[in-house]
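Shown next, in structure tokens, is the structure this report addresses.
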Amino acid sequence: MQSSLITQNFDRHAYFIPGETPGMQVFRSPKLTYIDSGLSCDTFNIIHVLNGEEVAPEIRVAVDYFRQKDLAYCIWVNEENLSREVQVCFQDMGIQVQNSEPGMVLDLDKYEIIHSTLHQNVEFVHTPTQLAEFAESIAANWSPPDQNVLRYYQQVAPVILNPAHRIQLLLYREAGQVVSCLEMFPSDEHTLGFYSLATLEAYRGRGIASAMLTFALNSAKALGYHQVILQASEDGLRIYEKVGFKRGGNYYEFS
Numbered sequence: 053m054q055s056s057l058i059t060q061n062f063d064r065h066a067y068f069i070p071g072e073t074p075g076m077q078v079f080r081s082p083k084l085t086y087i088d089s090g091l092s093c094d095t096f097n098i099i100h101v102l103n104g105e106e107v108a109p110e111i112r113v114a115v116d117y118f119r120q121k122d123l124a125y126c127i128w129v130n131e132e133n134l135s136r137e138v139q140v141c142f143q144d145m146g147i148q149v150q151n152s153e154p155g156m157v158l159d160l161d162k163y164e165i166i167h168s169t170l171h172q173n174v175e176f177v178h179t180p181t182q183l184a185e186f187a188e189s190i191a192a193n194w195s196p197p198d199q200n201v202l203r204y205y206q207q208v209a210p211v212i213l214n215p216a217h218r219i220q221l222l223l224y225r226e227a228g229q230v231v232s233c234l235e236m237f238p239s240d241e242h243t244l245g246f247y248s249l250a251t252l253e254a255y256r257g258r259g260i261a262s263a264m265l266t267f268a269l270n271s272a273k274a275l276g277y278h279q280v281i282l283q284a285s286e287d288g289l290r291i292y293e294k295v296g297f298k299r300g301g302n303y304y305e306f307s
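For the sequence shown, our numbering assigns the number 307 to the last residue and increments by one with no breaks.
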């Protein structure tokens, strides 16, 4: 059940925004989703394996698509779908694992609201200017900042800022500067995914990420969601477990 919640949200998060954005392409089948953002950026060009059985031909088509267009891409698959067939396919195509992250689920019905004085520094994104600040905060995770990230958020701004889509972005501002961000993305009316929780290096270790997380959880509970899912980095694992997230299987990134 937990693995299914994570997979469903991750998949919708990967395809929904590009699918609503002119110039971006989404290819979907019951076994595989892949997204061409039009940018050579493996953050947004994603192949997501949904079923590890008899999927090798579709993986080959997706990988060849990006290779022929000379676009950077990555492949995500959870441990349940990392079948022997998928592993052999990856080996044959020279694809190697780059990263592993535990998927995690929190039951909001059991979560108790957490208050923090730092919450006063958190704001929701409503305007193109705030969205540009969100993008700059994400891009700053690369050195130099990844310009593809800025271009992506410029293109998808009408989709993200449309209230009907129920996508919510958070900023943490200190002395006028955005130093942390987080995305809240719904699968449906019950499940919300958290993505892109990042804090500028100079501001880490001060409880900002924890404040962003608890502010988002408080908001999710108030909005009536029942589960929150995320993929945890090693740095964030302790924070997530502290507020009640439980592991729901590993996700692997290949390229």
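Don't be surprised by glycine CBs; every beta carbon is placed ideally from N, CA and C.
Pair within 8 angstroms by beta-carbon distance, residue i and residue j
i, j, result
"E153", "N270", "no"
"K273", "Y117", "no"
"F306", "F142", "yes"
"V115", "L84", "no"
"Y277", "L244", "yes"
"Y247", "F237", "yes"
"P82", "L102", "yes"
"S168", "A66", "no"
"I166", "V78", "no"
"Q54", "L160", "no"
"F297", "L158", "yes"
"S346", "R64", "Here the chain comprises residues numbered 53 to 307, so residue 346 is not present and cannot be evaluated."
"E149", "Y304", "The amino acid at residue 149 is misidentified as Glu; the sequence shows Val. Going by C-beta atoms, V149 is nearer than 8 angstroms to Y304."
"N151", "Y125", "no"
Cβ-Cβ separation, residue j to residue i (assumed contact under 8 angstroms), whole Å
i, j, result
"E105", "S56", "Actually they do not touch by this definition, with Cβ atoms about 16 angstroms apart."
"I281", "I99", "I281 to I99, Cβ: 20 angstroms. No contact."
"F176", "L123", "Their Cβ separation, rounded to whole angstroms, is 33 angstroms, which puts F176 and L123 out of contact at 8 angstroms."
"I190", "V208", "About 12 angstroms separates the two Cβ atoms, so there is no contact after all."
"Y255", "V231", "4 angstroms"
Which listed residue (the options) has its alpha carbon closest to that of residue i
i, options, result
"R203", "F62, N61, P70", "P70"
"Q199", "C93, S89, F306, T85", "C93"
"G288", "L123, P197, M156", "M156"
"A184", "A227, C233, R218, N173", "C233"
"V174", "G90, F96, Q229", "Q229"
"K121", "P109, G90, V138", "G90"
"E110", "T95, Q220, Y86, R218", "Y86"
"T95", "T179, A216, W194, T181", "W194"
"R299", "E72, N130, D88", "N130"
"H217", "E188, I147, G259, H178", "H178"
"E241", "R80, R258, I219", "I219"
"A227", "E132, T181, Q172, L265", "Q172"
"G257", "E235, D144, Q283, R290", "R290"
"E72", "Q60, D88, F62, N61", "D88"
"Q182", "E235, N133, G146, I260", "E235"
Residue i beta carbon near the ligand COA (any heavy atom closer than 7 angstroms)
i, result
"G288", "For the ligand COA, the structure offers nothing, since it holds no ligand at all."
Residue-level contact to chain D via CB, residue i, 8 angstroms cutoff
i, result
"R64", "The structure shown contains no chain D; it is built from a single protein chain."
> Along the chain, which unbroken stretches of the beta strand (DSSP E) at least 3 residues long are found entirely within the region 208-261?
Replying inline: 220-226, 229-238, 243-251
>> Please give the ranges of any beta strand (DSSP E) in the region 136-177, keeping only runs that are unbroken, at least 3 residues long and fully inside the region.
In response: 149-159, 174-176
> Any chance the region 247-260 sits against the region 210-219, with 3 or more Cβ pairs inside 8 angstroms?
Replying inline: no
>> Quick check on the DSSP output: what are the complete beta strand (DSSP E) runs of length 3 or more inside the region 75-142, in order along the chain?
In response: 77-80, 84-88, 98-101, 126-130
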